Each structure stands twice: as C-alpha cells, then as structure tokens.
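Structure first, then comments.
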Amino acid sequence: MTKLNLPPFYVITVNYYSGSYLPALISSLAPLPFLKKLIIVNHSPEEPLADLTAPFPLQIINQENTGYGAGLNRGLREIPENNAIALLCNPDLILAAPAAAAGALAYMEADPGVGCLIPKSVTFQGEFLYPGRAFYTWKTLLAARFSIFRRVFAKDYRKYLCLDGPPLSRPLEVDWGYGAAMFYRVSAFDRGPAFDTRFFLYMEDVDLCARLWQSGLAVVYYPEVLFRHHSQRESRSRWRFLFYHLASLLKFVSKYRGLPQREDLQRLKAP
119 MTKLNLPPFY
129 VITVNYYSGS
139 YLPALISSLA
149 PLPFLKKLII
159 VNHSPEEPLA
169 DLTAPFPLQI
179 INQENTGYGA
189 GLNRGLREIP
199 ENNAIALLCN
209 PDLILAAPAA
219 AAGALAYMEA
229 DPGVGCLIPK
239 SVTFQGEFLY
249 PGRAFYTWKT
259 LLAARFSIFR
269 RVFAKDYRKY
279 LCLDGPPLSR
289 PLEVDWGYGA
299 AMFYRVSAFD
309 RGPAFDTRFF
319 LYMEDVDLCA
329 RLWQSGLAVV
339 YYPEVLFRHH
349 SQRESRSRWR
359 FLFYHLASLL
369 KFVSKYRGLP
379 QREDLQRLKA
389 P
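Structure follows, in structure tokens:
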C-alpha cells in the first residue's frame with residue numbers, strides 16, 4: 119500500500135455556546151492518526167469546556183467574541199508549520215467519512231495551487247447543503263434569500279448552486295464554498311489573516327475565497343470527504359440576523375466595488 123505524503127494537519131473550531139456538540143466532533147476526528155491538534159477558540163468563556171477529553175492534543179483558547187472569522191484567525195496563529203493544512207469548521211458537525219480525510223490532505227500537498235478544499239456537507243436528515251457555489255449576482259442574492267425569486271431566476275439560481283456544470287461527484291473548481299467546513303492552506307496570504315474581521319456571521323467565507331482567487335490560489339469542491347451538519351440553527355426570518363447579513367453584504371460590495379466574478383478577481387490585485 120502506498121504511503122501518502124501528508125502535510126501537518128490541525129483542526130480549528132470556534133465555540134459560542136455550542137459546547138454540547140463538541141464531544142461528537144471530537145469522536146468523529148478520533149480515527150485520524152495524523153491529526154496534530156484540535157484548537158478550540160472559545161467565545162463563551164463562561165461555558166465550561168475544561169472537562170473535554172480527546173485522544174489527540176487539545177488546546178482551548180478563551181477570548182472575547184469578536185466573530186467567527188476572528189476566532190479562526192486566532193487559532194491559525196497557533197500553528198507553527200508553514201506547510202500545514204487546517205480544517206476550519208463549525209463545532210456542530212461531524213466528520214462522517216474519516217477515511218477520506220487523508221486523501222484531501224494528499225490532494226492539497228500534490229497541488230500547491232489549491233488554497234482550500236470544500237468538502238461535501240449534508241444535514242443529519244440527509245439534505246445536501248450545496249457547499250460549492252458560484253459568486254453572487256444581484257439575481258442570485260435575491261434567490262438565495264427569498265424563495266419566490268428562485269422561480270423567477272431559476273436558471274441563475276441553478277448556476278449559483280453549481281448544478282448545471284460538471285458533475286458534483288468529483289473534485290471541481292468552484293468560486294466559493296460554504297464555510298461550515300474547509301481545508302485551508304495555512305501559507306496562503308503569506309500567513310496573514312485568513313478572514314477579514316470586518317464581516318460578522320455572513321460573507322466571511324465568500325470574501326476568503328475571493329481573496330484566494332485574487333492571490334492565484336484555487337478553491338476546489340472535494341466531495342470524497344463528507345460532513346454532517348446541524349444546519350440553520352438560526353431562523354432566517356429573524357430580523358437581527360437579516361441585519362447582520364445586510365451589513366456584511368454592504369461591506370462586501372463596498373470592498374469590491376460591486377459583486378465581482380472570478381474573472382474580475384483574477385484581474386485585480388487584492389484590496
């Protein structure tokens with residue numbers, strides 16, 4: 119059997135009153151003998167995590183809640199190796215196909231032009247979450263938020279979900295990926311911050327992938343690795359989260375002077 123040449127591998131998650139999910143995440147990572155450390159950035163320090171145990175090194179960092187991206191940036195600073203790959207993930211998911219994780223690392227090791235891999239994600243009820251997506255247009259923004267526009271702009275919405283291109287059963291370059299889980303190349307951006315902390319809750323993953331494309335690194339959907347996710351715990355109809363979404367969208371549009379597409383980003387230097 120051929121031995122895979124794997125880079126150093128870490129997992130980083132950000133906890134915000136999600137401690138009850140962490141034992142399941144840890145159990146799902148247990149079969150990975152090459153995992154160097156799980157780093158938990160705890161944004162709810164009053165939530166007790168001291169009793170967590172794992173069959174691999176575990177580091178808990180307590181800090182004020184300044185956003186998901188800021189938490190992941192903090193965790194990435196704990197990784198000493200420049201050639202490492204980090205799985206950046208929500209705490210409320212499990213790795214359902216641990217045997218395939220080594221293949222994802224080997225894929226990135228073999229192709230230094232890949233900035234991140236987006237794994238397949240489904241809910242615990244089996245609903246596919248369309249983790250690989252096309253960059254937004256004004257039509258797909260409306261369709262993503264309001265179901266009535268999915269019928270009006272049906273063709274655009276299918277393109278947004280990557281449904282009319284190559285089959286989603288094999289690795290495929292995509293514009294951006296659902297940020298609940300991604301394998302991230304730590305050396306991207308010369309080890310500068312992965313996430314722009316001006317975004318809060320929304321558009322962080324879109325911005326990260328946009329900047330990867332700008333820097334010459336590809337984003338690839340990698341369906342061999344499967345995660346199961348407790349998806350959409352927050353109601354889409356709640357005004358507070360609509361405000362966060364709108365605020366992040368306006369910041370994104372301001373930053374890129376519109377809604378850029380991949381070819382636009384590859385022509386521009388990173389802002």
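The numbers in the sequence shown follow this note's numbering, run straight up by one, and end at 389. Beta carbons: idealized from backbone N, C-alpha and C, even for Gly. Quick caveat, the model's predicted, so the values are computed rather than measured.
For V159, which three-state DSSP category applies?
strand
For the stretch 307–326 and the stretch 362–377, state whether three or more C-beta atom pairs, one from each stretch, are separated by less than 8 Å.
Counting C-beta pairs closer than 8 Å gives three or more between the stretch 307–326 and the stretch 362–377, which meets the contact rule.
Counting C-beta neighbours from all protein chains within 10 Å, is the total for F152 16 or more, i.e. buried, or is it exposed?
exposed
Any idea which residues DSSP pairs Y339 with across the strands?
Beta-bridge pairing links Y339 to I236, L290.
With H, G and I counted as helix, E and B as strand and the rest as coil, what does DSSP make of R251?
strand
Between the Cα of V159 and those of P209, D308, T315, D169, spot the shortest distance and give me the residue it belongs to.
P209
Out of Y362, A218, G295, which one is the CA nearest neighbour of P149?
A218
Among the candidates Q181, Y139, D229, whose CA atom is the shortest distance from the CA of E289?
A quick correction: the sequence has Pro, not Glu, at residue 289. Answer by Cα proximity: D229.
Contact defined as beta carbons within less than 8 Å: I believe R251 pairs with L206. What is the distance between those atoms, to the nearest angstrom?
No, R251 and L206 are not in contact; Cβ-Cβ is about 17 Å, not under 8 Å.
How about A220 and L122: do their beta carbons lie closer than 7 Å?
yes
To the nearest angstrom, how far is it from the Cα of Y461 to the Cα of P126?
A question about residue 461 goes unanswered here, because the residues of the chain that appear run from 119 up to 389.
I want to know whether the stretch 169–177 touches the stretch 233–240 - three or more CB-CB distances under 8 Å.
no
Please say whether P163 and N180 have beta carbons closer to each other than 7 Å?
Closer than 7 Å, so yes.
Can you name, in chain order, every residue of its own chain whose Cβ lies under 8 Å from the Cβ of N200, other than the five neighbours on each side?
V304, S305, R309
Please report the straight-line C-alpha distance between D293 and Q384, rounded to a whole angstrom.
Within the model, the alpha-carbon separation for D293 versus Q384 is close to 11 Å.
Using the C-alpha atoms, what's the distance from T258 back to R380?
15 Å
For P249 versus G295, is the C-beta distance shorter than 7 Å?
yes
Per DSSP, which one or two residues make a beta bridge with G189?
In the DSSP output, where bridge partners are listed per residue, G189 has none listed.
Could you check where the beta strand (DSSP E) with A300 kicks off and where it finishes?
Looking at the sequence itself, residue 300 is Met, so the reference to Ala does not match. It spans 299–303 - the beta strand (DSSP E) in which M300 sits, taken as one unbroken run.
Starting from T258 and walking both ways along the alpha helix (DSSP H), at which residues does that stretch end?
256–263
Check I197 in the structure and name its three-state DSSP category.
DSSP, read as helix, strand or coil, puts I197 in coil.
Is the separation between the beta-carbon of I144 and that of A204 shorter than 7 Å?
no
So, using beta-carbon positions, are F313 and G193 closer together than 7 Å?
Cβ atoms of F313 and G193: not closer than 7 Å.
One question on the structure: do L211 and F345 come within less than 7 Å of each other, judged by their Cβ atoms?
In contact: L211 and F345 (Cβ atoms closer than 7 Å).
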